[in-house]
Amino acid sequence: ILRWHELTRVEIVKVLAWSFPVLLGVIILMVTSIHTVFQGVSLPLVFIFVIPIVEEILFRGIIFEKLTIYSVQLALVGSSILFALHHLQYYHFHLSSFVVFQVVYTFLLGICLGNIGRHSRSILLSMIIHIFINAVVLL
115 ILRWHELTRV EIVKVLAWSF PVLLGVIILM VTSIHTVFQG VSLPLVFIFV IPIVEEILFR
175 GIIFEKLTIY SVQLALVGSS ILFALHHLQY YHFHLSSFVV FQVVYTFLLG ICLGNIGRHS
235 RSILLSMIIH IFINAVVLL
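Just so we're aligned, residue 115 is where the sequence shown starts under the working numbering, counting upward by one.
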């Protein structure tokens, strides 16, 4: 559960600061028409809601938390690398210029979402943002 009233002003500013690159990425996706690649999704409600929730629980919840035992930086980078590599499965691990873009984008998105979760002390906001991104790319 996200409890904004328990966050310090510094934490709120950090959450908002890490949200900016995510919103910028969404705008880039919309302007460049890259989102048309996702028009063939056969189960849009699963793509919009189920997948982001499961991915956030796995990558920003379980994996991030397990890696923080070693360091927060390792948790951010490690969970983001795994998140990016996980997205290769959707392209059957074939590399193309779009797939390279997707891997780099999801790595950077993972860094942003990890920091948002870290500073908000909850993965709820990263779930909401991830759902929003998936919904936008289907529009």
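Here a beta-carbon is modelled for each residue, glycine too, at the ideal position from N, C-alpha and C.
A quick note: this is a predicted structure, and the numbers were derived from the prediction, not measured.
What is the DSSP secondary structure of L65, reduced to helix, strand or coil?
Residue 65 cannot be examined here, being either before or after the span of the chain that is shown, 115 to 253.
Terminal residues of the continuous alpha helix (DSSP H) containing V217?
Here residue 217 refers to the residue found at position 103 when the sequence shown is read from its first residue. S211 to S234 is the span of the alpha helix (DSSP H), which, as asked, contains V217.
So, F197 versus G175, is the Cβ gap smaller than 9 Å?
As a working note, residue 197 is residue 83 in the sequence shown. As a working note, residue 175 is residue 61 in the sequence shown. No.
Using the three-state DSSP reduction, which class does R263 fall into: helix, strand or coil?
Residue 263 is absent from the structure shown; the chain starts at 115 and stops at 253.
If you run the structure through DSSP and keep just helix, strand and coil, what is I265?
Look at the range of the chain in this structure, 115 to 253, and you will see that residue 265 is not part of it.
Give a yes or no on contact between the region 121-135 and the region 198-205, applying the rule of three or more CB pairs nearer than 8 Å.
Cβ pair count under 8 Å is below three, so no.
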